[in-house]
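With the first letter of the sequence shown counted as 1, position 61 gets the number 61 in UniProt numbering; the numbers rise by one all the way through. Positions of the beta carbon are idealized from the N, C-alpha and C atoms, including for glycine.
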Amino acid sequence: MAKRGGFSGGMPGNMQNLMKQAQKMQKQMEERQKEIEEKEWEASAGGGAVTVKVSGKKELVSVKLTKEVVDPDDIEMLEDLILAAANEALRKAEDESNEVMNEITNGFGGLGGLSF
Numbered sequence: 001m002a003k004r005g006g007f008s009g010g011m012p013g014n015m016q017n018l019m020k021q022a023q024k025m026q027k028q029m030e031e032r033q034k035e036i037e038e039k040e041w042e043a044s045a046g047g048g049a050v051t052v053k054v055s056g057k058k059e060l061v062s063v064k065l066t067k068e069v070v071d072p073d074d075i076e077m078l079e080d081l082i083l084a085a086a087n088e089a090l091r092k093a094e095d096e097s098n099e100v101m102n103e104i105t106n107g108f109g110g111l112g113g114l115s116f
């Protein structure tokens, strides 16, 4: 006669293993996130006329302009180039961050859509 309720067989051991894996993954994610926050990404626009750097904390670190791009009669172009370079650098940072996190969480894809 089958028992009702509770876990059957070796489930508690499996649950413990799952919890250990989750804790290991969490530690890996924290370590990798710290590494990412310490990195910087650079991007340029206008053929190198504008170059920006962003950090892994998604903060703008620096903006470099060539003299040729500074035209008082065309401020809008300069603004557009700065935005384009900054957005590209932020995209690079985000892509690498997502790639790293996907590497870590790849083994947990079958947990019913849980996200970490």
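### Task
Assign isoleucine 82 to one of two classes, buried (16 or more other C-beta atoms within 10 Å of its C-beta) or exposed (fewer than that).
Translated into the one-based positions of the sequence shown, residue 82 becomes position 82. Answer is buried; the Cβ neighbour count reaches 16.
### Query
Would DSSP call alanine 89 helix, strand or coil?
As a first step, residue 89 must be located in the sequence shown, where it is residue number 89. Reduced to three states, the DSSP call for alanine 89 is helix.
### Message
I'd like to confirm the pairing. Which residues does DSSP put opposite glutamate 42 in its beta bridges?
### Response
Stepping through the sequence shown from its first residue, residue 42 is reached at position 42. Its beta-bridge partners are Lys53.
### Message
Based on DSSP bridge pairs, tell me the residues matched to lysine 64.
### Response
Here residue 64 refers to the residue found at position 64 when the sequence shown is read from its first residue. For lysine 64, which the question treats as bridged, DSSP gives the partners Thr51.
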